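Data block below; observations after.
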Amino acid sequence: MNPRAYRRFKSHVMVGLMGVAVLVAVLPLLAILVSLTLKGASSLSLAFFTNTPVPAGETGGGVLHAIVGTLMIVGIASLIGVPIGIGAGIYCAEYPASRLAGITRFVSDVLNGTPSIVVGVFVWTVVVAQQKHFSAFAGSIALAILMIPMVTRTTEELIKLVPVSLREAALALGYPRWRTSLTIVLRTALPGIVTGALLSVARAAGETAPLLFTALGSQYLSFNPDQPMAALPLVVFTYASGPYEEWHQLAWATALVLILVVFLLSVAARLATRQRFSSNG
Amino acid sequence: MTAPHGPDARITSAIPPRTVFPAAEDFRSTHGDEAPCITVRNFSFWYGTHQVLHDLTFSVPQRAVTAVIGPSGCGKSTFLRSINRMNDLIPETRATGELIVEGRNVYERGLDLVAHRQRVGMVFQRPNVFPKSIYQNVAYGPTLNALIPKADVPDLVEDCLRRAALWDEVKDRLHSPATGLSGGQQQRLCIARALGNQPSTLLMDEPCSALDPGATAKVEELILELKRDYTIVIVTHNMQQAARVSSLTGFFESGVLVEMGPTRQIFTAPTHERTEAYITGRFG
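As structure tokens, then:
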């Protein structure tokens, strides 16, 4: 084989290998989506979204309580976690050399790698055990703890991406530093930060383990964050590990709803990035 | 300086024999005895322990264009960025001596930096418009500094865009994103934005180096127009540009002001041998 043909051969082999890698990477995702749709879609109906559960043995019933619960628990978690995360991220980006920023970065990285069940047990100890009852609010705290490090790190990275020349332009116009950071730098990085925050929300929406020890789950529609509350992942967990065939059906359907919720959040994140202004036109 | 002779250096530095110095004439006629706008006395500047400016002493006249030329790394940008203290962004810098703008030492304690930067506008090497609308880019400075009543802002924006020779090109899309403009338009918008603050002085750090020749010509025309009302200090690598726009030229080398004088004299009869070597393209 002459050298050129050999090079071409090598190129084809490598492209082939990469193609296989892509397939292997995408296959599980596709398999999950397909099997969820096949097994869950048949149980989906309008009633599934508007009803609360019926006693075991009866057919019908829905997961309205869990949809409401997930929205409330994740909503409160976002209200706590996103502002704290963005604030910490701004601090780390503005004072990158400070000791506190170094500590924050380190702690965030460690927390990002902490199994979520550990956070659940921790919140159980400091909130649930103190209050002596499970509550949706405790679940929100657990999820917020998971969200903060993610939001902190993405915010910092995105602020660092804002060109120095923009900061200089604002300072040269006589902007004080805090104003430069908030109106120019943060504003420019905002679409990316929104994406990061939404992705962390999506991740939190799918968490099960931290909620087992905190929000606990419930069979009833509840709007009181001081009481146990249902959430989609908890419902999947309960139904899937239950003994009845109808429950297994419901678990599939609920899982499909959960995936849809996460998918919608991801799409929203994508749209938010697309509107990003580029800074050099 | 031992920078190699690139082909570029020759092209940009060879001054044609019959270059006109349009700005030189009226410098002599109209700016003979006005008080200087910027006075530099024994000014030195350090990055950490590295001294980049050595004992500079000279002055810059009001309402004229003063060009600063010199090889890369000679400290000309550092000097320019000292005037509005943009070097403050870099940690561990130190300045000694005096740099007086409109009667105040820029490096004195207690200087109101915000007010100072409002009086001394800056245009950067690359256009750095804010990712906002064209209108907002110009309106931001005056609104922030509360220079004029809110109701007058639209008129000021129009005035600044006219002065920057951009109004006719953007008047129909004032509220579309500034990032959609061409590079040359963006740079003129940056000039308009600086004018919005109603400064007395404009600092320009190689304002045309990222522009094509057509856009460069427009910006140069604009500079000649603006010097009636503003004191302009321009750093440039392009010596033809210095010759075209400036009344006064200073030549820096290794952080030292080698020579400063009327532009015509610097380019036709420099007194210092290094200046001559630089402008004839023998180095730099």
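One line per chain: the protein sequences are Z and S, in this order. Straight run, no breaks: the first sequence in the numbering used here ends on number 1569. Straight run, no breaks: the second sequence in the numbering used here ends on number 949. Even glycine gets a Cβ: it sits at the ideal position worked out from N, Cα and C. This structure is a prediction, so every number in the text was calculated from the model and none was measured.
Run of the beta strand (DSSP E) containing residue i, from where it starts to where it stops
i          : result
Met-869(S) : 866-870
Leu-721(S) : 715-726
Trp-711(S) : 701-712
Glu-763(S) : 758-766
Proximity of residue i and residue j at Cβ, strictly below 8 Å
i           : j           : result
Gly-1401(Z) : Thr-1502(Z) : no
Ile-765(S)  : Tyr-712(S)  : no
Val-730(S)  : Ile-897(S)  : yes
Leu-1509(Z) : Val-1549(Z) : no
Cys-658(S)  : Ala-875(S)  : Here chain S comprises residues numbered 666 to 949, so residue 658(S) is not present and cannot be evaluated.
Arg-838(S)  : Leu-860(S)  : no
Phe-744(S)  : Leu-721(S)  : yes
Ala-732(S)  : Ala-907(S)  : yes
Gly-1377(Z) : Ile-1447(Z) : yes
Thr-1468(Z) : Leu-1459(Z) : yes
Inter-residue spacing [alpha-carbon to alpha-carbon] between residue i and residue j
i           : j           : result
Ala-1417(Z) : Glu-1346(Z) : 35 Å
Trp-1540(Z) : Leu-1486(Z) : 25 Å
Asp-698(S)  : Ala-760(S)  : Note on Asp-698(S): pLDDT 45, under 50, position unreliable in the model; the coordinate value appears next. Rounded to the nearest angstrom, the two C-alpha atoms are 30 Å apart.
Ser-1453(Z) : Glu-938(S)  : 37 Å
Leu-812(S)  : Ile-1481(Z) : 33 Å
Val-1362(Z) : Gly-1307(Z) : 37 Å
Pro-1437(Z) : Phe-1422(Z) : 25 Å
Val-1356(Z) : Pro-1371(Z) : 23 Å
His-781(S)  : Gly-1462(Z) : 7 Å
Leu-1388(Z) : Thr-881(S)  : 46 Å
Ser-1331(Z) : Leu-1538(Z) : 7 Å
Val-779(S)  : Pro-864(S)  : 12 Å
Lys-797(S)  : Thr-844(S)  : 8 Å
Asp-833(S)  : Gly-1375(Z) : 42 Å
Ala-816(S)  : Thr-808(S)  : 10 Å
Gln-905(S)  : Ser-847(S)  : 24 Å
Pro-1531(Z) : Ala-1344(Z) : 10 Å
Ala-689(S)  : Arg-893(S)  : Confidence in Ala-689(S) is poor, its pLDDT being 48 and thus under 50, which makes the residue's placement unreliable; the coordinate value appears in the next sentence. Going by the C-alpha atoms only, they are around 13 Å apart.
Arg-706(S)  : Val-910(S)  : 25 Å
Glu-1534(Z) : Leu-1359(Z) : 25 Å
Asp-691(S)  : Val-923(S)  : Residue confidence for Asp-691(S) is low, a pLDDT of 45 falling below 50, so the modelled location carries little weight and cannot support an answer.
Leu-913(S)  : Ala-830(S)  : 24 Å
Met-751(S)  : Thr-1542(Z) : 58 Å
Phe-1525(Z) : Thr-1496(Z) : 8 Å
Boundaries of the alpha helix (DSSP H) in which residue i is found, first to last residue
i           : result
Cys-873(S)  : Premise fails: Cys-873(S) is in no alpha helix (DSSP H) and is neither H nor E.
Pro-1403(Z) : Element bounds for Pro-1403(Z): n/a, residue is neither H nor E.
Thr-914(S)  : Run containing Thr-914(S): none in the alpha helix (DSSP H); it sits in the beta strand (DSSP E), 913-918.
Ala-907(S)  : 904-910
Gly-738(S)  : Looking at the DSSP string, Gly-738(S) is not in any alpha helix (DSSP H), and its letter there is neither H nor E.
Glu-938(S)  : 938-944
Any chain A beta carbon closer than 8 Å to residue i
i           : result
Ile-1378(Z) : The structure shown contains no chain A; its protein chains are Z and S.
Within chain Z, the residues that residue i reaches when beta carbons sit closer than 9 Å
i          : result
Gln-783(S) : Leu-1461, Gly-1462
Tyr-800(S) : Result: empty, since nearest Cβ-Cβ is about 15 Å, beyond 9 Å.
Val-779(S) : Gly-1462, Tyr-1463, Pro-1464
Arg-858(S) : Ala-1457, Leu-1461
Residue i: contacting residues in chain Z (beta-carbon distance under 7 Å)
i          : result
Leu-867(S) : Going along chain Z, no residue has its Cβ under 7 Å from Leu-867(S), so there is no contact; the nearest lies around 11 Å.
Arg-774(S) : The premise fails here: Arg-774(S) is roughly 18 Å from chain Z at the closest Cβ pair, so nothing lies under 7 Å.
Arg-791(S) : Ser-1453
Gly-806(S) : Leu-1461, Gly-1462
Proximal chain S residues relative to residue i, where beta-carbon distance stays under 7 Å
i           : result
Thr-1476(Z) : Pro-796
Amino acids of chain S, ordered along the chain, whose beta-carbon sits closer than 8 Å to that of residue i
i           : result
Ile-1472(Z) : Phe-795
Ala-1560(Z) : Going along chain S, no residue has its Cβ under 8 Å from Ala-1560(Z), so there is no contact; the nearest lies around 15 Å.
Any non-hydrogen atom of the ligand FMN closer than 7 Å to residue i Cβ
i           : result
Arg-1393(Z) : The model on display carries no ligand, and the ligand FMN is accordingly not part of it.
Residues that residue i contacts on chain Z, provided the C-beta gap is smaller than 8 Å
i          : result
Asn-752(S) : The premise fails here: Asn-752(S) is roughly 11 Å from chain Z at the closest Cβ pair, so nothing lies under 8 Å.
Val-898(S) : Correct list: empty, because the minimum Cβ distance to chain Z is about 14 Å.
Leu-809(S) : Leu-1461, Gly-1462, Tyr-1463, Arg-1467
Asn-749(S) : Ala-1460
Gly-786(S) : Ala-1460, Leu-1461
Status (buried if at least 16 other CB within 10 Å, exposed otherwise) for residue i
i           : result
Ile-888(S)  : buried
Glu-890(S)  : exposed
Gln-852(S)  : buried
Asp-870(S)  : buried
Arg-947(S)  : exposed
Arg-1292(Z) : exposed
Val-1555(Z) : exposed
Phe-1394(Z) : exposed
Arg-693(S)  : For Arg-693(S), the predicted model reports a pLDDT of 43, less than 50, meaning its position is unreliable and no value from the coordinates is stated.
Asn-1512(Z) : exposed
Ser-1323(Z) : exposed
His-1300(Z) : exposed
Pro-1479(Z) : buried
Tyr-1383(Z) : exposed
His-840(S)  : exposed
Per-residue contacts from residue i into chain S (C-beta, under 9 Å)
i           : result
Glu-1382(Z) : Within chain S, no residue comes near Glu-1382(Z); the closest Cβ sits about 12 Å away, beyond 9 Å.
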